[in-house]
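J.: Before we start, here is the structure in question, set down as structure tokens.
Protein chains in written order, with the working numbering: chain A, 1 to 396; chain B, 1001 to 1312.
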């Protein structure tokens, strides 16, 4: 089966530059917050002037990474003292998103809120309502819609490259204990919110929404039912949050999305796959591929590609013998986006803030994907089949 | 614990009472190593280094403060080593086929280097601290962080370990750069063996270093020399000053310093220089093993290195 690497020609068009400075505050200096600082540092005039975390050690780590930024222990104090902030980025623990988002919107600021939007459907709906009532930009940090490879793949799918999607699968595999080190027992519970059964929505809730949103976007539909399983199989340290889960999300026409996530095994990492009658998309965040069925219609230029790599104007590269290369683990050699996926979340957000570009991922889509993740987690932990009633997607 | 990054394997030993805490700290350290891989590796399309090499000659590229600081420190070491250590060798390495992994590198004739007009030299690298940007003076300038990447990652690992009160640890990258904190129980220091570079089997040691709260890096031609007709060999390491591979006369060079990044850079420079330069500060301890098998150790940690007898 021939494969095509999907890589847009990013050298076309001017590199992104901000025309005027944007003053940014970052709330949450954990791993995601610091990863955000790294990507923002690539964009001149994206000025992180204020950073916030309740943990003093993280404040110090943040100060090292965001030179000149003032650090705060409370975001309320930050909003109060930094009146000139244009935008706030929320990277706190998921269960704290609601209050922060609502307060920041009430202060009249643009908001980028990390995925998942919130840890309960009610919280998600409250955030969405507040976002709707604000004239400012609200972007949910689900990165598929911002990703240049995914956008190119989406445009192909719209023009029928894979025809009807009959099956979907996705996975998130990375080997980590999900534990954060802490200096004392009180901080340990706070910092390890992902493993706290009182607040955590598990792997399906934390990792799932970002990936489910890719399918919502590509097939323009949402699942109606979810069932699943999960267990603690690797980390027998007294935790109750499953380290390995799988679930099936069913759509109304009988199509299914099979999803599995594990923090105990890293094989093949994280990707989404859409199988259609004429071809299959495999999207892996920094790379994307289109595997065409043998009887799929051929584009003119494909005929000349033969056994070599071939680039067309839009930036597709044909890789012959792709299945063999994939088996050898060589499929990724030589191609890939010039920035991590998170960079494009920052770029699109700043474009919306400064150039009035349409928000690539709204609060409403954040609500839908998070709700699916929350219900998937419920199915996994309860062992029950959970109905996903479309009415839950209605903004409050 | 272990992680694959920068084309090699980093391994950790962390000591303490709370295994769960240690493992969580180890994972923070792994994230720091992966972060530096994402910044420094010129073999990945999404690294800061690749973006610098692609764009910095056209417009200044904004970078994080610690990346800027790394480049500044590399400039300082370049001066201290009289150019034997130089980040700007990437175009030379590429042209001479040093990045090829298929064994396709061929012998370079000394006369070739003069005709090559590659824009080398750290003076081509323009650092703007106020804007936090790096620019290149000419097209074709490119940086290769291979000689300092592991050390830089290990320095960050040290910060994290100490922040989380882990004071006893040994962390190494590819067995060529090691960071030692504290000492194993009932010992005064970590004892790290330096292998005989000529030996085909693992474990033949020429010296042992006793390290405590410091780093050591060792450079050798690692079996990638190309033999010459006169019985000598052309080494795997380039001399940025001549644009040619170093004659494989010095078998091994090493450095012990507080900073793993400094040790890493200096061990590469020493392999090029073949001897400790007069400009080396006492805090930079050096080891040089010459082709006759004689090991010279100098610097204020000289006493920490014990020879194991005749090298060859």
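All residues carry an ideal CB built from backbone N, CA and C; glycine is no exception.
1. Give the secondary structure of residue 150 of chain A by DSSP, where H, G and I count as helix, E and B as strand, and everything else as coil.
2. Can you tell me whether DSSP reads residue 343 of chain A as helix, strand or coil?
3. Output needed for residue 349 of chain A: all residues of its chain with C-beta closer than 6 Å, excluding positions within five of it in sequence on either side, in chain order.
4. Whole angstroms is fine: what's the gap from residue 354 of chain A's alpha carbon to residue 391 of chain A's?
5. Taking only three categories from DSSP, how would you classify residue 119 of chain A?
6. Going by DSSP in three states, residue 1082 of chain B sits in which element: helix, strand or coil?
7. Specify the secondary structure class of residue 19 of chain A as computed by DSSP and reduced to three states.
8. Short of 6 Å in beta carbon distance, which residues of its chain neighbour residue 210 of chain A, apart from the five on each side in sequence? Order them along the chain.
9. Work out the CA separation of residue 22 of chain A and residue 137 of chain A for me, nearest whole Å.
10. By Cβ distance, which residues of its chain are closer than 7 Å to residue 233 of chain A, with the 5 residues on each side in sequence left out?
11. For a cutoff of 7 Å on Cβ pairs, would you count residue 41 of chain A as touching chain B?
12. What does DSSP give as the partner residue(s) for residue 1247 of chain B in the beta ladder?
13. What in chain B is Cβ-close to residue 57 of chain A, meaning under 8 Å?
14. If I'm right that residue 17 of chain A touches residue 39 of chain A with Cβ under 8 Å, what's the distance once you round it to whole angstroms?
15. Under a Cβ-count criterion, where at least 16 other Cβ atoms within 10 Å of its own Cβ denotes burial, should residue 1064 of chain B be classed as buried or exposed?
16. What in chain A is Cβ-close to residue 1315 of chain B, meaning under 9 Å?
17. State the Cα-Cα distance for the pair residue 208 of chain A and residue 187 of chain A, rounded to the nearest angstrom.
18. Quick one, which of B:1252, B:1209, B:1089, B:1047 has its alpha-carbon nearest residue 1221 of chain B's?
19. Are the segment 1134-1142 of chain B and the segment 1073-1080 of chain B in contact at 8 Å, needing three or more beta carbon pairs?
20. Just tell me which of A:62, A:155, A:250 has its CA closest to the CA of residue 387 of chain A.
21. I want to see whether chain B comes within less than 7 Å of residue 148 of chain A, judged by CB atoms only; does it?
22. If contact is defined by three or more beta carbon pairs under 8 Å, each pair taking one atom from either stretch, is the segment 1254-1266 of chain B in contact with the segment 1163-1170 of chain B?
23. Could one say the Cβ of residue 1130 of chain B lies closer than 7 Å to chain A's Cβ atoms, at least one of them?
24. Identify each residue in the segment 220-240 of chain A for which the Cβ-Cβ distance to at least one residue of chain B is less than 9 Å, and report them in chain order.
25. To which residues of the same chain is residue 1038 of chain B closer than 8 Å at the C-beta, ignoring the five residues directly before and after it?
26. Among A:46, A:376, A:254, which residue has its Cα nearest to the Cα of residue 19 of chain A?
27. At which residues does the alpha helix (DSSP H) containing residue 1267 of chain B begin and terminate?
28. Rounded to whole angstroms, what's the CA-CA distance from residue 225 of chain A to residue 385 of chain A? Just pull it up for me.
29. Taking the CB atoms as reference points, tell me whether residue 69 of chain A and residue 50 of chain A lie closer together than 7 Å.
30. Looking at the secondary structure, which residues open and close the beta strand (DSSP E) in which residue 1013 of chain B lies?
31. My understanding is that residue 345 of chain A touches residue 146 of chain A, with C-beta atoms under 8 Å, so please give their C-beta distance in whole angstroms.
32. On the premise that residue 95 of chain A lies in contact with residue 199 of chain A, defined as a C-beta separation below 8 Å, what is that separation, rounded to the nearest angstrom?
33. Residues of chain A with CB closer than 7 Å to the CB of residue 1046 of chain B, please, in chain order.
34. May I ask you to report which of helix, strand or coil DSSP gives residue 1299 of chain B?
T.: Put simply:
1. helix
2. helix
3. Contacts found: 112, 139.
4. In a straight line, the C-alpha of residue 354 of chain A is about 34 Å away from that of residue 391 of chain A.
5. coil
6. coil
7. Looking at residue 19 of chain A - three-state DSSP - the assignment turns out to be coil, as it is neither helix nor strand.
8. 115, 142
9. 13 Å
10. 243, 244, 264
11. yes
12. B:1234
13. 1163
14. Contact flag wrong, Cβ pair sits at about 15 Å.
15. buried
16. As displayed, chain B neither begins before 1001 nor continues past 1312, which places residue 1315 of chain B out of reach and without an answer.
17. 27 Å
18. Sorting B:1252, B:1209, B:1089, B:1047 by C-alpha distance to the C-alpha of residue 1221 of chain B places B:1252 at the top.
19. Inter-segment contact for the segment 1134-1142 of chain B and the segment 1073-1080 of chain B is absent: fewer than three beta-carbon pairs are separated by less than 8 Å.
20. A:250
21. Judged by the 7 Å Cβ criterion, residue 148 of chain A is not in contact with chain B.
22. no
23. no
24. 237
25. 1044, 1046, 1047, 1048
26. A:46
27. Run containing residue 1267 of chain B: 1260-1273, per the alpha helix (DSSP H) assignment.
28. 7 Å
29. yes
30. 1008-1015
31. 5 Å
32. 4 Å
33. Chain A residues near residue 1046 of chain B: 286, 336, 337, 338, 339, 340.
34. coil
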